[in-house]
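Visitor:
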Amino acid sequence: MIEINRITKTFPGKTAVKDLSLTIPDGKIFGFLGPNGAGKSTTIKMMTGILPIDEGSITMNGKDISKEVLAAKQMIGYVPDRSDIFLRLKGIEYLNFIADVYDVPQEVRETKISELTKQFGIYEALDDHIQTYSHGMKQKIVVSGVLLHDPDIWILDEPLTGLDPKSSYMLKEMMRDHAAKGKIVFFSTHVLEVVEQLCDEVAIINQGHVQFQGNMKEMKQQFQEDQNLEQLFLELTQNG
Amino acid sequence: MAKTWLLIKTMVKMQLSTAGKSDLEKAGYGCLVLFAIPLGLLLLSILNSMIDTLYTSLAPTGNENVILGLLFVMMTFIFLFVSLSTVLSSFYFAEDVESFIPLPFQPYQIVMGKAAVPFLSLYGVNTLVLLPSLIIYGIHSASGPVYYIFSLVLWLVAPVVPFVLTAATIMFIMRFANIAKNKDRTKIIMGSLGFAFAIGVNILFRLDSGGTGGGMSEMVLEQNALLGLVTKFFPTAYFSSIALTSPTSIIGSLNFLAMIALSFAGILLFMTIGQQWYFKGVLGLSGGTRSTFKENDLKRRTEKRQVLWSLLLKEWKTIVRTPTFFTQILIQSLFFPVFILILLLLQSSGSLSTMASRINGWDDSTSLLVLFAFTIIGLGVNPASFSSISREGKSWFNNLYLPIPAPLIVTSKLLVSFFLNVLSLLIISIAILFLFEVSLSVWFIWFLASIVASWITSIIGFLLDFHQPKLNWTDEREVFKGRMIGFFALAAEALVFGLLLILLWAVPLFQSLTFASVFMVVYLTICVLLGQWYVGKVTKEKFSTIH
Numbered sequence: 001m002i003e004i005n006r007i008t009k010t011f012p013g014k015t016a017v018k019d020l021s022l023t024i025p026d027g028k029i030f031g032f033l034g035p036n037g038a039g040k041s042t043t044i045k046m047m048t049g050i051l052p053i054d055e056g057s058i059t060m061n062g063k064d065i066s067k068e069v070l071a072a073k074q075m076i077g078y079v080p081d082r083s084d085i086f087l088r089l090k091g092i093e094y095l096n097f098i099a100d101v102y103d104v105p106q107e108v109r110e111t112k113i114s115e116l117t118k119q120f121g122i123y124e125a126l127d128d129h130i131q132t133y134s135h136g137m138k139q140k141i142v143v144s145g146v147l148l149h150d151p152d153i154w155i156l157d158e159p160l161t162g163l164d165p166k167s168s169y170m171l172k173e174m175m176r177d178h179a180a181k182g183k184i185v186f187f188s189t190h191v192l193e194v195v196e197q198l199c200d201e202v203a204i205i206n207q208g209h210v211q212f213q214g215n216m217k218e219m220k221q222q223f224q225e226d227q228n229l230e231q232l233f234l235e236l237t238q239n240g
Numbered sequence: 001m002a003k004t005w006l007l008i009k010t011m012v013k014m015q016l017s018t019a020g021k022s023d024l025e026k027a028g029y030g031c032l033v034l035f036a037i038p039l040g041l042l043l044l045s046i047l048n049s050m051i052d053t054l055y056t057s058l059a060p061t062g063n064e065n066v067i068l069g070l071l072f073v074m075m076t077f078i079f080l081f082v083s084l085s086t087v088l089s090s091f092y093f094a095e096d097v098e099s100f101i102p103l104p105f106q107p108y109q110i111v112m113g114k115a116a117v118p119f120l121s122l123y124g125v126n127t128l129v130l131l132p133s134l135i136i137y138g139i140h141s142a143s144g145p146v147y148y149i150f151s152l153v154l155w156l157v158a159p160v161v162p163f164v165l166t167a168a169t170i171m172f173i174m175r176f177a178n179i180a181k182n183k184d185r186t187k188i189i190m191g192s193l194g195f196a197f198a199i200g201v202n203i204l205f206r207l208d209s210g211g212t213g214g215g216m217s218e219m220v221l222e223q224n225a226l227l228g229l230v231t232k233f234f235p236t237a238y239f240s241s242i243a244l245t246s247p248t249s250i251i252g253s254l255n256f257l258a259m260i261a262l263s264f265a266g267i268l269l270f271m272t273i274g275q276q277w278y279f280k281g282v283l284g285l286s287g288g289t290r291s292t293f294k295e296n297d298l299k300r301r302t303e304k305r306q307v308l309w310s311l312l313l314k315e316w317k318t319i320v321r322t323p324t325f326f327t328q329i330l331i332q333s334l335f336f337p338v339f340i341l342i343l344l345l346l347q348s349s350g351s352l353s354t355m356a357s358r359i360n361g362w363d364d365s366t367s368l369l370v371l372f373a374f375t376i377i378g379l380g381v382n383p384a385s386f387s388s389i390s391r392e393g394k395s396w397f398n399n400l401y402l403p404i405p406a407p408l409i410v411t412s413k414l415l416v417s418f419f420l421n422v423l424s425l426l427i428i429s430i431a432i433l434f435l436f437e438v439s440l441s442v443w444f445i446w447f448l449a450s451i452v453a454s455w456i457t458s459i460i461g462f463l464l465d466f467h468q469p470k471l472n473w474t475d476e477r478e479v480f481k482g483r484m485i486g487f488f489a490l491a492a493e494a495l496v497f498g499l500l501l502i503l504l505w506a507v508p509l510f511q512s513l514t515f516a517s518v519f520m521v522v523y524l525t526i527c528v529l530l531g532q533w534y535v536g537k538v539t540k541e542k543f544s545t546i547h
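Chains A and B are the protein sequences, given in the same order. If you're matching positions, the first sequence starts at 1 in UniProt numbering and goes up one per residue. If you're matching positions, the second sequence starts at 1 in UniProt numbering and goes up one per residue.
1) Give me the Cα-Cα distance between N399 of chain B and T272 of chain B, rounded to the nearest whole angstrom.
2) Of all the residues that make up the stretch 120-133 of chain A, which are near chain B by a beta-carbon distance shorter than 8 Å?
3) List the whole-angstrom C-beta distance separating residue 559 of chain B from P118 of chain B, where the pair is believed to meet the contact cut-off of C-beta under 8 Å.
4) Short of 7 Å in beta carbon distance, which residues of its chain neighbour W473 of chain B, apart from the five on each side in sequence? Order them along the chain.
5) Chain A partners of residue 632 of chain B, CB-CB under 7 Å?
6) Under the assumption that H149 of chain A contacts G77 of chain A (Cβ atoms under 8 Å), give the Cβ distance between them as a whole number of angstroms.
7) Any idea if T23 of chain A is buried or exposed, counting beta-carbon neighbours within 10 angstroms, 16 or more meaning buried?
8) Taking DSSP as the reference, what is the three-state secondary structure of N224 of chain B?
9) Can you find a CB in chain A that lies within less than 8 Å of the CB of S544 of chain B?
10) Kindly list, in the order they appear in chain B, the residues whose Cβ is closer than 9 Å to that of I85 of chain A.
11) In the DSSP assignment, find the unbroken beta strand (DSSP E) run with F32 of chain A in it and report its ends.
12) Per DSSP, what kind of secondary structure is G214 of chain B in: helix, strand or coil?
13) Mind checking who V79 of chain A pairs with in its DSSP beta bridge?
14) State yes or no: is the C-beta of G31 of chain A within less than 8 Å of the C-beta of V195 of chain A?
15) Per DSSP, what kind of secondary structure is M1 of chain A in: helix, strand or coil?
16) Tell me which same chain residues have a C-beta within less than 7 Å of the C-beta of T539 of chain B, skipping the five on either side of it?
17) Counting contacts by CB-CB distance shorter than 8 Å, is R109 of chain A in contact with chain B?
18) Give a yes or no on whether 8 Å exceeds the smallest Cβ distance from S114 of chain A to chain B.
19) Strictly below 8 Å CB to CB, what residues from chain B border K73 of chain A?
20) Once the 5 residues before and after S231 of chain A are set aside, which same chain residues still bring their CB inside 7 Å of it?
21) With DSSP collapsed to three states, give me the class of E303 of chain B.
22) For the alpha helix (DSSP H) holding K9 of chain B, just list the boundary residues, first then last.
23) Where does L34 of chain B sit, in a helix, a strand or coil, going by DSSP?
24) Under the three-state reduction of DSSP, which class applies to A158 of chain B: helix, strand or coil?
25) Would you call F86 of chain A buried or exposed, if buried means 16 or more other Cβ atoms sit within 10 Å of its Cβ?
26) Checking contacts by CB at 8 Å: is F195 of chain B closer than that to chain A?
27) I need the boundaries of the alpha helix (DSSP H) containing D150 of chain A, first residue and last residue.
28) For a contact defined as C-beta to C-beta under 9 Å, what are the partners of D64 of chain A on chain B?
29) List in chain order: all unbroken alpha helix (DSSP H) runs of 4+ residues lying wholly within the stretch 497-544 of chain B.
30) Chain B partners of L70 of chain A, CB-CB under 9 Å?
31) Using the beta-carbon of each residue, which ones in chain B are nearer than 7 Å to F97 of chain A?
32) Does DSSP put D96 of chain B in a helix, in a strand, or in coil?
33) Would you verify that the beta carbon of T23 of chain A is, or is not, closer than 8 Å to some beta carbon of chain B?
34) Over the uninterrupted beta strand (DSSP E) stretch that includes M60 of chain A, give me the two end residues.
35) Use the C-beta contact count for Y94 of chain A: other C-beta atoms within 10 angstroms, 16 or more gives buried, fewer gives exposed.
36) Check D465 of chain B in the structure and name its three-state DSSP category.
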């Protein structure tokens, strides 16, 4: 379970996230929505330990990200919103580095690297520098890195951006499988169709505040039944 | 022309902007200016005494214009050397070219814009050396106002031809040589060329310095013959020298006009070559090569390793595979030791060998002191250390979400810069052991002390970068360019090691090798312990707040 308890993050001259609380139970695909600059990335960065939390706390399966740092991080698999990372490493070197960091056993890493990269169609390119990859390939190698150590909690920041339809479908299936195993998929997106297809629960955030949290049914009930998600989203975020 | 001017203005503004520079850096520039004043005065007095000596000895035979010839030849070399790296990085390595190519500009317009900053940077050294030298010469030769007007114009046009030659050669190589297929490899080869050029010129001069003098006496008698010899391969230096030798004569004026015409033709040539070759060279650069992963490689490539080893490999690969880091860190730290070694091997009777034989005559503690000081100055600041954090750029956040203990990341960074220092040290140690012929005990103590000193310099550089990292760069060169960190690292090292050296030199007890060694061990150990303690402290407090 992820528990975000009244977190606040202030940057000079701006409060990015204010008193935000969320609870994400196990076995759910949780969609995190909001317009640009709403505080989504800031929240995710606090969840993953990238940004220090000014006030409040975040726990991952009971481990506080600010106190039991390594134990909490060990449980997370994070796909950042930018995939231009470790550009000077080759694909295989990156995956092996991640496997070393998460202490993935030799046999497991060998099988999984082969399986995952073949599924994503990047196996052949493993000996190339990540810098030479297309945006989609970079995204795939990072996702492969996350899946390699099989973390309990996936935190994915715009994971489908740049993926081709086949890979996008595959990732969505993987997300469903992961949640079906009683684990958590927390992801942010702008693509509302994906939310409708995939999410068990959603939170809509605007100007650092949660505007809504609940399942899709509750959200539609709260507003008029005939509204589509796009209209709902616009209505929720226009006055914030 | 208006568009070209707009591009030049924009590119100069973009590269020279102080936006994003911290107050500390700005203060650093202030310090640098303060330091530059006495240094400038020192340079002036050196130039003055050199020109004075030469003038007194050359004037009786009417060969004083050789001074001008030497001056212009020397400036040509400096311009060639400086523009080699600046043109390469501005024209081909800066990624920003991709944002200009789709805009409706002619290739020559973009190339003119790209040339602006490298060209302007030549005026720094031009103003520092050529301008005062010309004034000093003018005073010695009691020249009239025409000389000074000519001087000013020649000062203005002096960098044009060398710059055009370098730029044209580079554009030619990039257009026609097949090395441009791989951008990174090209960058590494061309980046190393600058250093090879410096070493090569030095070797050539040294090899060439013997064996002349036979026909010298006749040349001295013949008007301008000596000048002709000096400026044999440098027509611009010849024209400029003759123009300034007799500015009021027709010959002088003709040479002056020839120089202006040559510079003007140079600019036209540059624009033409730029128009023809620039895009073809720069557009041919690809990000890297593609290969196919081999199935039977998988087992070997997925071997399990210790996290620290994994981190070290990642750091090392980043340095070796990033052209800017390769040249600024690896080549630059190896440059000095390799340079020294080559000079020592080439010269059996040169100044360094004289120094070596002098060391043989010293007692052990003095030798140790001198060798240690020499190493500290030689190894100087380690770019790998003061770029530890900044090298990561916007990828730094990876260190924050991955479950790697912060001290382990810090250790990997310290170890990489330490390893690079040790590499240089090994080269120097060979030179010291075999060429300086010091006693084995002195060599051993010196080697140990230098190893420990390398760790200290790694800590100093790391801490400076840790406090003020530059992560928000778009081009790797920004990690080194326009940052005062190298200067601060040097100052901090001067403080730490300067105190040790002064004490070793001044305290009579340390005339004994044993006492000197013991003191060095104690002093350096204290420095290491203090450094480690402070690194641990700031890592705990600040690591997760770096963004």
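Backbone N, C-alpha and C define an ideal beta-carbon position, used for all residues, glycine too.
Guide: Concretely, from the data shown:
1) 48 Å
2) Y123, E124, A125, L126, D127, D128, H129, Q131, T132
3) Not covered by the structure: residue 559 of chain B. The range shown for chain B is 1 to 547.
4) G393, V479
5) Past the edges of chain B, shown from 1 to 547, lies residue 632 of chain B, and the structure says nothing about it.
6) Between the beta-carbon of H149 of chain A and that of G77 of chain A there is about 7 Å, and that keeps the pair under the 8 Å contact cut.
7) exposed
8) The answer is coil: DSSP assigns N224 of chain B none of H, G, I, E or B.
9) yes
10) Chain-order list of chain B residues neighbouring I85 of chain A: K394, S395, F397, N398, by C-beta distance under 9 Å.
11) Judged by DSSP secondary structure, F32 of chain A falls within the beta strand (DSSP E) whose first and last residues are 29-33.
12) The predicted position of G214 of chain B is uncertain, since its pLDDT is 47 and thus under 50; a value taken from the coordinates is nonetheless stated next. Of the three classes helix, strand and coil, the one that applies to G214 of chain B here is coil, per DSSP.
13) According to the DSSP secondary-structure assignment, V79 of chain A is paired through a beta bridge with A:L156.
14) yes
15) coil
16) A406, P407, V410
17) yes
18) yes
19) Y401, L402, P403, listed in chain order.
20) First, the residue type needs correcting, since residue 231 of chain A is Gln and not Ser in the sequence shown. Closer than 7 Å at Cβ, skipping near neighbours: no residue.
21) coil
22) 2-16 is the extent of the alpha helix (DSSP H) around K9 of chain B.
23) Look at L34 of chain B here: in three-state DSSP terms it is helix.
24) coil
25) buried
26) It does not: the Cβ of F195 of chain B has no partner Cβ on chain A nearer than 8 Å.
27) D150 of chain A -> no alpha helix (DSSP H), and no H or E assigned at all.
28) Neighbours of D64 of chain A on chain B: none; closest Cβ ~14 Å, over 9 Å.
29) Taking only runs of at least 4 residues, the alpha helix (DSSP H) segments lying wholly in the stretch 497-544 of chain B are 513-542.
30) Within 9 Å Cβ-Cβ: P403, I404, P405.
31) S310, K314
32) coil
33) no
34) 55-60
35) buried
36) helix
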